[in-house]
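Undergrad:
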Amino acid sequence: MNKEFQIHWLEEIAEEIINRSVKDITLSTGKTPSGHIHLGILREILICDALRRILENRGYNVKNILFFDSLDAAKRFPIYIPKDFQKKHIGKPFALIPCPFKSCKCESYAHHFGNELSKTFPKFGIKLKILWTHELYKQRKMQEYIKIALENNELIKNILKKYILPTLDDINKDKFNKMQKSWMPAMVICEKCNRIQSKDKAGNIVPNRVQKYNKKEETVSYNCEYCEYSGDVSIWGGRLKLNWRIDWPAKWAMLKTTCEPAGKDHSVRGGAYDTGLELCQKLYEYEGPVKVSYEWLRLGNYDMKTSKGIVFTPEKYLNMAEPEIYRAIILKTNPNKHIAFRIEELSQYYDYYEKMENVYFGLIKLDDEAKNKFLKYTYPLTHVKEIPKIKPQRLSLKLLSFLTQIQNIIPEDILYKQSIKYMKDHNFDKIISADEFKILLERSYHWIEEVKKIIEETSDIKTKKEIMRKLDLFSIPIKIDNEILDRIQDNQKLGIRMFRQFLIKNENLNADGIQNKIFTIASEELKISPKKLFEAIYLIIFGKKNGPRLGSFLSMLDKEWLLKRLNI
RNA sequence: GGGCUAUUAGCGCAGGCAGGUAGCGCGGCAGGCUUUUAACCUGAAGGUCGUGGGUUCAAUUCCCACAUAGCCCGCCA
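Residue numbers (the numbering used here): 83 to 650.
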């Protein structure tokens, strides 16, 4: 096979989908709403969203679906769910558990966390249709698929065996074979306690597995592992749930899913995707979707653990950065590579995005032609709103982060005026409004707060300092330590004293006056380079050699504090 | 037991599928800019491409092992 090298990995997937020669394309993803859903889920959703745009542009009819697997049982709860609530509802499907937050009047636990995620979709430019598994199972067609599964148990077991057995060691082979003897492809939600599973003494999960399929009566017999109730239920009563390995292919067949990305957990050899495809073909006579596997998205060096409450939600992301940037991160990275999303590296992501814009708008051209094409291809896919005609100008993250950090001592309207001046000086074709400015400032504030959290959690002092430096995080030190004083030469110190005298003598100080004075002291009186004196003042105030434009900055500060500070 | 991913400059990452002088950003260093540093420009420095083997005229790239880190599968989902 002489496969042509594609411009973008998305093209390779798109091509594979197009080769299916179907008129209506269905792209699907799924997620269990077991708690706050973290940013990682957007990886597969955004891949599908990009595919949707690509395929729609070529005239295909594309439907995007997200399944909330609301019929999945609560195996455990995240740490922020109260203990007594956990005890009361463990083992029930999430759709049958009430919302854990008293003041919230939403439909169920599943809806609470599902809706929390889905309300961010429009902001990310994601268009899709949400389906709830608990509603799907109420449909007659799905129940017919359950019936097919129950009637073909041996076939299912053989397929599972074929894929899973070679991946097991001897002990587990034995266990697996034993387990298969009584295995049936569906479970029952207990009529008495609403549970679908329980735990045995060893902590193993024991599902309310169908014990017997009564073909003539169209019922199944079961025994609840939790409350020990046993009985028969009709297969048309909506109390049956297919096992995960069958549930997935049944959904594929029902929706005629053309493509579904899957995390590496499902993509492994012997995993649910492999068995699912064959089951889908043999059981439901549908070839199954195009498989796209993707690696996890990690938060820095940590994995996001829903159970431990380490979650960074899409909502939190939107509070601190623009959605386009995240789309770009996802769409530039090959799905089989893991992404370490580093909040403290946000400016790098913005830099990358700007490079993309520059290439797209023809402002720069990279030596690597393939890279140029790649960026030009990717850029439009990152957009949430319509693509601008010319490259948009924006206030840099660095500037915003600076303004944010002096926000508590300098009022917002003054900061806004400063920004207007900046935008005018830099020939912005559009001066942003005060409201827009406020949003930017808030984003930047949230970003810095997140980074501060990271710094707090970091134990390594070098790393802490590194992050602070990268972000230009500054805190005005309470005391100037000797180490800093040692770095200042005598003539610089003299300059500082002269400058201090100037401040004392002059009542009405303005930015330019201060600025000019520093220069004249340095160049005329001390005959040193003005840079040296500026550096010395920065050291005294910030503990580092650079900082904001001094004239305007000092004029905004409390004079008494400043005089005390400069008294060296 | 079976897999996946990562390991490239102080930090963050490209490159790898198509083997041929090791790249980007940030920082650090030196210098320039006669009112700045919320900025720009110039220069030099910094790497045994995780380790060990193999294939090859040639390996950071391909193959195999190993190490470290993280994750996943095998019950459930």
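Cβ atoms here follow ideal geometry from the backbone N, Cα and C, with glycine treated the same way. Bear in mind that the values here come from a model prediction, so they are computed numbers and not experimental data.
Classify ASN84 as buried or exposed, calling it buried when 16 or more other Cβ atoms lie within 10 Å of its own Cβ.
TA: One-based indexing of the first sequence puts residue 84 at position 2. Reliability of the predicted coordinates at ASN84 is poor, the pLDDT of 33 falling under 50, and the value obtained from them is presented with this limitation in mind. Exposed: under 16 other Cβ atoms inside 10 Å.
Undergrad: What residues match up with ALA344 in a beta bridge as DSSP calls it?
TA: Numbered from 1 along the first sequence, position 262 holds the residue referred to as residue 344. BP columns for ALA344 point to SER375.
Undergrad: Please report how far the alpha carbon of PHE150 lies from the alpha carbon of THR215, in whole angstroms.
TA: In the first sequence, the residue the question calls residue 150 occupies position 68. In the first sequence, the residue the question calls residue 215 occupies position 133. Using only the alpha carbons, I get a separation of about 6 Å.
Undergrad: For the alpha helix (DSSP H) containing ILE230, name the first residue and the last one.
TA: One-based indexing of the first sequence puts residue 230 at position 148. Run containing ILE230: 222-233, per the alpha helix (DSSP H) assignment.
Undergrad: On the three-state DSSP scale, how would you describe MET269?
TA: Along the first sequence, one-based indexing puts residue 269 at 187. In the structure shown, MET269 sits in a strand (DSSP, three-state: E or B).
Undergrad: In this structure, does DSSP put THR202 in helix, strand or coil?
TA: Residue mapping note: residue 202 aligns to position 120 of the first sequence, counting from 1. If DSSP states are grouped into helix, strand and coil, THR202 belongs with coil.
Undergrad: Please list the terminal residues of the continuous beta strand (DSSP E) segment that includes ASN146.
TA: Within the first sequence, numbered from 1, the residue matching residue 146 stands at position 64. Unbroken beta strand (DSSP E) run through ASN146: 143-150.
Undergrad: Quick one: Cα of GLN574 to Cα of TRP378, how far?
TA: Translated into positions along the first sequence, residue 574 becomes position 492. Translated into positions along the first sequence, residue 378 becomes position 296. In a straight line, the C-alpha of GLN574 is about 53 Å away from that of TRP378.
Undergrad: Apart from the five residues on each side of it in sequence, which residues of its chain come closer than 7 Å, Cβ to Cβ, to PRO267?
TA: For this step, residue 267 is matched to residue 185 along the first sequence. Hits under 7 Å: ALA231, LEU232, ASN235, ILE238, LEU324, ASN325, ILE328.
Undergrad: For SER611, name the three-state secondary structure that DSSP assigns.
TA: Your numbering for residue 611 matches position 529 in the first sequence. Coil, per DSSP.
Undergrad: From SER110, TYR432, HIS420, ASP495, pick the residue whose C-alpha is nearest to that of ARG476; which is it?
TA: For the purposes of this step, residue 476 is taken as the residue at position 394 of the first sequence. Among SER110, TYR432, HIS420, ASP495, the Cα nearest to that of ARG476 is on TYR432.
Undergrad: Suppose contacts are defined by Cβ-Cβ distances below 9 Å. Is PHE195 in contact with ILE136 by that definition?
TA: Taking the first residue of the first sequence as 1, we reach residue 195 at position 113. Taking the first residue of the first sequence as 1, we reach residue 136 at position 54. In this structure, ILE136 does not lie closer than 9 Å to PHE195 by Cβ.
Undergrad: From the DSSP output, read off the bridge partner residues of PHE423.
TA: The residue given as residue 423 occupies position 341 in the first sequence. Paired residues: LEU381.
Undergrad: Give, in chain order, every unbroken run of the alpha helix (DSSP H) that is at least 4 residues long and sits entirely within the region 437-478.
TA: Listed in chain order, the complete alpha helix (DSSP H) runs (minimum 4 residues) inside the region 437-478 are 451-464.
Undergrad: Pull up the CB-CB distance for LYS274 and TYR219, whole angstroms please, since I reckon it's below 8 Å.
TA: Here the question's residue 274 lines up with position 192 in the first sequence. Here the question's residue 219 lines up with position 137 in the first sequence. Incorrect: roughly 19 Å between the Cβ atoms, too far for contact.
Undergrad: On the three-state DSSP scale, how would you describe GLY313?
TA: Here residue 313 refers to the residue found at position 231 when the first sequence is read from its first residue. Strand.
Undergrad: According to DSSP, simplified to helix, strand and coil, what is ASP640?
TA: On the first sequence, position 558 is the one that residue 640 refers to. If DSSP states are grouped into helix, strand and coil, ASP640 belongs with coil.
Undergrad: Name the two residues that bound the continuous alpha helix (DSSP H) containing GLN489.
TA: Here residue 489 is taken as the residue at index 407 of the first sequence, counted from 1. It is not in any alpha helix (DSSP H) - GLN489 carries neither H nor E in the DSSP assignment.
Undergrad: For LYS333, count neighbouring C-beta atoms within 10 Å of its own C-beta (all shown protein chains included) and say buried if the count is 16 or more, exposed if not.
TA: As a working note, residue 333 is residue 251 in the first sequence. Buried is the call here.
Undergrad: Can you tell me whether DSSP reads VAL302 as helix, strand or coil?
TA: Taking the first sequence and counting its residues from 1, the one referred to as residue 302 is at position 220. Note: VAL302 maps to strand in three-state DSSP.
Undergrad: Starting from LYS323, trace the alpha helix (DSSP H) both ways and give me its first and last residue.
TA: Locating residue 323 in the first sequence gives position 241, counting from the first residue. Not the alpha helix (DSSP H): LYS323 falls in the beta strand (DSSP E), residues 322-324.
Undergrad: For HIS420, which residues in the same chain have their Cβ closer than 8 Å to its Cβ, ignoring the five residues on either side in sequence?
TA: The residue given as residue 420 occupies position 338 in the first sequence. The residues are GLU377, TRP378, LEU379, ARG380.
Undergrad: Excluding the five sequence neighbours on either side, which residues of its own chain have a C-beta within less than 6 Å of the C-beta of SER429, listed in chain order?
TA: Along the first sequence, read from residue 1 onward, the residue named residue 429 stands at position 347. LEU479, listed in sequence order.
Undergrad: Taking the beta carbon of SER501 as the centre, do at least 16 other beta carbons fall within 10 Å, making it buried, or is it exposed?
TA: Sequence index remark: in the first sequence, residue 501 carries index 419 (1-based). Buried.
Undergrad: So, with DSSP's three-state summary, where would you put ALA156?
TA: Position 74 of the first sequence, counted from the start, is the residue given in the question as residue 156. In this structure, ALA156 counts as coil in the three-state DSSP scheme.
Undergrad: Which term fits MET224, buried or exposed, when burial requires 16 or more other beta carbons within 10 angstroms of its beta carbon?
TA: For the purposes of this step, residue 224 is taken as the residue at position 142 of the first sequence. Buried, since its Cβ has 16 or more Cβ neighbours within 10 Å.
Undergrad: For my contact list, GLN168 and PHE176 are in at a C-beta cut-off of 8 Å; report their separation, rounded to the angstrom.
TA: Along the first sequence, one-based indexing puts residue 168 at 86. Along the first sequence, one-based indexing puts residue 176 at 94. The Cβ separation is near 13 Å, so there is no contact.
Undergrad: Can you tell me which residues form a DSSP beta bridge with LYS599?
TA: Residue mapping note: residue 599 aligns to position 517 of the first sequence, counting from 1. Answer is none; LYS599 lacks a bridge partner.
Undergrad: Rounded to whole angstroms, how far is the Cβ of VAL533 from the Cβ of GLY207, which I believe are closer than 8 Å?
TA: Residue 533 sits at position 451 when you count from the first residue of the first sequence. Residue 207 sits at position 125 when you count from the first residue of the first sequence. The pair is not a contact, with the Cβ atoms about 26 Å apart (cut-off 8 Å).
Undergrad: Could you pull out every residue in the same chain whose Cβ sits closer than 7 Å to the Cβ of TYR355, ignoring the five residues on either side in sequence?
TA: Numbered from its first residue, the first sequence carries residue 355 at position 273. Within the same chain, TYR355 has close Cβ partners ALA344, HIS348, SER349, LYS373.
Undergrad: Just tell me which of ILE549, PRO331, LYS512 has its CA closest to the CA of GLY358.
TA: As a position in the first sequence, residue 358 is number 276, starting the count at 1. Nearest C-alpha to GLY358: PRO331.
Undergrad: Buried or exposed: which applies to MET261, given that a residue is buried once 16 or more other Cβ atoms fall within 10 Å of its Cβ?
TA: Residue mapping note: residue 261 aligns to position 179 of the first sequence, counting from 1. Counting Cβ neighbours within 10 Å, MET261 comes out exposed, since fewer than 16 surround it.
Undergrad: Relative to the C-alpha of TYR308, which residue among THR301, TRP318, LYS283 is closest?
TA: Locating residue 308 in the first sequence gives position 226, counting from the first residue. Minimum Cα distance to TYR308 is reached at LYS283.
Undergrad: Shortest alpha-carbon distance to GLU342 belongs to which of ILE530, PRO417, SER515?
TA: In the first sequence, the residue the question calls residue 342 occupies position 260. With distances taken between Cα atoms, GLU342 lies closest to PRO417.
Undergrad: In the DSSP assignment, find the unbroken alpha helix (DSSP H) run with LEU555 in it and report its ends.
TA: Stepping through the first sequence from its first residue, residue 555 is reached at position 473. Premise fails: LEU555 is in no alpha helix (DSSP H) and is neither H nor E.
Undergrad: Which residues bound the alpha helix (DSSP H) around ILE407?
TA: Locating residue 407 in the first sequence gives position 325, where the first residue counts as 1. Run containing ILE407: 405-414, per the alpha helix (DSSP H) assignment.
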